[in-house]
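Below: the structure, in structure tokens.
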Amino acid sequence: MTTTQDPYAASNETSQGRVFTVTGQDWDSIAEGLADEGDDRVVVNMGPQHPSTHGVLRLILELEGESVTEARCGIGYLHTGIEKNMEFRTWTQGVTFCTRMDYLAPFHNELTYCLGVERLLDIEDQIPEKAQVMRVLLSELNRISSHLVCIATGGMEIGALTVMTIGFRERELTLDLFELITGLRMNHAFFRPGGVAQDLPPGALDQIRDYIALMKKRLPEYAAFCNANPIFRGRLDGVGYLDLAGCLALGITGPVLRSTGYPWDLRKSQPYSGYEDYEFDVVTWDTCDSYGRFRIRLEEMWQSLRIVEQAADRLAELEGAPVMIGDKKIAWPSQLAIGSDGMGNSLDHIRHIMGESMEALIHHFKLVTEGFRVPTGQAYVPVESPRGELGAHVVSDGGTRPFRAHFRDPSFTNLQATSVMSEGGMVADVIVAIASIDPVMGGVDR
Amino acid sequence: MTDEPNLPIAAEAAQTEVVGVKHGMYGGDTSGYGGLVRPVVMPGGTPPPYGGWFDEVHGALAEVAPEGAIEKVVIHRGEITFFIRRQHLLEVAQRLRDDESLRYELLSGVSGVHYPDDQGRELHAVYHLLSMTHNRRIRLEVTAPDSDPHIPSVVATYPTADWHERETYDFFGIIFDGHPALTRIMMPDDWPGHPQRKDYPLGGIPVEYKGATIPPPDTRRSYS
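Chains as they are written, first to last, in our numbering: chain A, 754 to 1199; chain B, 56 to 279.
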């Protein structure tokens, strides 16, 4: 065993067995030390800084040889108090915080929060059509980029490095579109209560169409690499088994639930943002295992492409339409434009508020500094994020800030299935099972 | 952007519930609005009929739930909330899940809310339930006083509540009786206090920028 003391550990004292502090390059001495013990039962702390735990997730595994007898998750390493912080900012500023939770699906975080705030404001049917279509477009592009990361990192964790490189290659293209439309690749804060922050920039639709055409060529590569690959299937088939009863008891939604053959998708069953007007299929698989979840994600990217295509066609007809609610007491006042020194408030808007309309100046000032008031009450409007049901429980006390904003994050809930999916299996299968849940620790810990 | 002395009250809510009082426009207000007093009025209980499937669910629940379990029903913005007395929560949850006409198979989550001015019922635990069979959502709300922060745990009925209740305990100090292992989940095990409670400060340090000092968020001017 190593004698190195871990300076960051609180204490190495334990009432049971010996403690080995693993620092790397010391497997021989650990194996020797274990042989001295004459006991096969080992408790391993895997993570929180482990490359294959999908983020800062700590797994506490009790092993008999290479079999897992107990698996528990330790979470909270990425807790940043986003929900508490939101109580100290205006309703609009809240978007800036919640977009950072599940950082692979920022638009879905923003969407569920905005839908909740809009329900409390009772303006659900006043959201302009173009804003709705842009929300759908960006959400679906986001679903593609999120599933790509899931497949890419999941592939990397089982040694399929090419899947990782091509996954991130395509994700990059998706993020380029986000950058073009919102100005940022992550943490967009683009959806606002009442609509979206900005209209589509010129040329965006062409780029989206190019992207769709390219993705139609690239997506089959994943199928060619993985679908029938015997090594890939050998690692995924039958691993991380969870049936429908297990999913419902544990509150599991998203691709894991759909891998049991149950076609539950909030976009179909409880449509929001006009999803009822788009043609797409809910993808299911019937194997309840990691391979099924992989195939569902692959196929869902095709379905998302279908929706993106339809949304792009609609946007072509909506050129010049408003993207923010007409109610000037809610709509974010500034109009952004590209100037000689980059993006900022448009000169027209500055001229309007500074030279033409005192009312407009007052509205701008009050909305930006104080924000708008939201009537008392609570709302919960969940959306189908790439990982399942994502919902924001927003509570207002009638003030300019959320009284409470709680996010039901699907990663948090789904991660509870780790034990039931991996106990009784091999250590290597734990990684596959967790990758098939696709938890994003930013969303788990918030 | 005017300062309405009365907050808007939902038209559909017949009774209202005052959960707090706000004074002035913002801290240190010298604008003359400092004397402003506004009650915080949450949408209150509604008498039946509620319309749509709300009546169906309410009828079915009232039939199978124990006497006096439903404190009140709030309909607001098209969502239905059942306030359940905490001593009856377990039985109500069991019936909601198992009864043929209710079938709330999925518990979406548990969310805590702290109303420090709501005397005797400061802590609220909010449960969002989904019936996939009937494609309906309801909300349960259970209250507990700060002095006795106990609510029975629904883990036996909805195993998914395990982490959600731990989180609510961690952030609000609500003790879910009967939970298999009610420990902190987000904060470190030895953390003092429950951070999402309203009496727990946000924290932060003043930041200096170009000679000006910006105070931490919870000490900045806040509009009430």
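Each residue gets a CB set at the ideal place from its N, CA and C atoms; glycine is no exception.
Check	Outcome
8 Å contact criterion, which P859/A and H941/A should meet: CB distance rounded	6 Å
DSSP beta-bridge partners of N798/A	I813/A
DSSP three-state assignment for F1033/A, whether helix, strand or coil	coil
Burial state of M1174/A (16 or more Cβ within 10 Å)	buried
Delimiting residues of the alpha helix (DSSP H) encompassing L1001/A	L997 to L1003
Nearest to R825/A (by Cα), restricted to the options P973/A, R1199/A, D1198/A and I1187/A	I1187/A
Span of the beta strand (DSSP E), counted from its first residue to its last, around R1104/A	Premise fails: R1104/A lies in the alpha helix (DSSP H), L1100 to R1104, not in any beta strand (DSSP E).
Simplified DSSP assignment, three categories, for L151/B	helix
Rounded straight-line distance, which links the Cα of F944/A to that of Y994/A	37 Å
Assigned exposure category for N798/A - 16 Cβ within 10 Å defines buried	exposed
For G777/A and M754/A, the rounded distance between their alpha carbons	Interpretation of M754/A is limited by its pLDDT of 40, a score under 50 that renders its predicted location unreliable; the figure taken from the coordinates is listed afterwards. Those two C-alpha atoms are separated by around 12 Å.
Within-8 Å CB hit, G75/B to chain A	yes
Beta-carbon contacts of L1089/A that lie in its chain and below 6 Å, excluding the five residues immediately before and after	Q951 and M1096
Backbone CA spacing between P801/A and V772/A [nearest angstrom]	17 Å
8 Å contact criterion, which S898/A and T927/A should meet: CB distance rounded	4 Å
Cut-off 8 Å between Cβ atoms - residues of its own chain near V74/B, not counting five sequence neighbours on either side	V95, V96, M97, Y170, D172 and D173
For T1013/A, three-class secondary structure by DSSP	coil
T756/A - DSSP class collapsed to helix/strand/coil	Any reading at T756/A must be qualified, since the residue scores a pLDDT of 45, below 50, and its modelled position is unreliable; no value is offered.
Chain D contact for S202/B (CB, 8 Å cutoff)	Looking for chain D here will not work: the only protein chains present are A and B.
Rounded distance between the beta-carbons of Q251/B and F231/B, thought under 8 Å	Actually they do not touch by this definition, with Cβ atoms about 15 Å apart.
Close-in-space but distant-in-sequence residues of the same chain around G1141/A (CB under 8 Å, 5 per side omitted)	I1005, T1006, G1007, P1008, V1009, L1010, P1163, T1166 and N1167
Own chain residues within Cβ distance below 8 Å of A1065/A, not counting five before or after	L890, L958, I961, R962 and I965
Residue-chain proximity (T755/A, chain B), Cβ-Cβ < 8 Å	With a pLDDT of 45 at T755/A, under the threshold of 50, the modelled position of that residue is not reliable, and the figure given next carries that caveat. No, T755/A lies away from the interface with chain B (no Cβ there is under 8 Å from its Cβ).
Any C-beta of chain B under 8 Å from that of D990/A	no
Cα-Cα separation between V795/A and R896/A, rounded to whole angstroms	39 Å
8 Å Cβ cutoff, K837/A in contact with chain B	yes
Distance, T1171/A Cα to I1184/A Cα	10 Å
Cα-Cα separation between S1057/A and I125/B, rounded to whole angstroms	43 Å
Uninterrupted beta strand (DSSP E) stretches inside the segment 200 to 240 of chain B (no shorter than 3 residues)	205 to 207 and 230 to 232
Buried or exposed by the 16-neighbour rule on C-beta atoms within 10 Å, applied to F985/A	buried
Own chain, CB closer than 8 Å to L184/B, minus 5 neighbours either side, in chain order	L151, Y159, L161, L162, S163, R192, I193, R194 and L195
Distance, D1034/A Cα to L814/A Cα	39 Å
Rounded Cβ spacing between Y255/B and L237/B (contact assumed at less than 8 Å)	Wrong, their Cβ atoms sit about 19 Å apart, outside the cutoff.
Which of helix, strand or coil DSSP assigns to V772/A	coil
Residue-level contact to chain A via CB, E67/B, 8 Å cutoff	Unreliable positioning characterises E67/B in this predicted model, as indicated by a pLDDT of 44, which lies under 50. A coordinate reading is not provided.
Separation of A1074/A from G1027/A, as counted between CA atoms	17 Å
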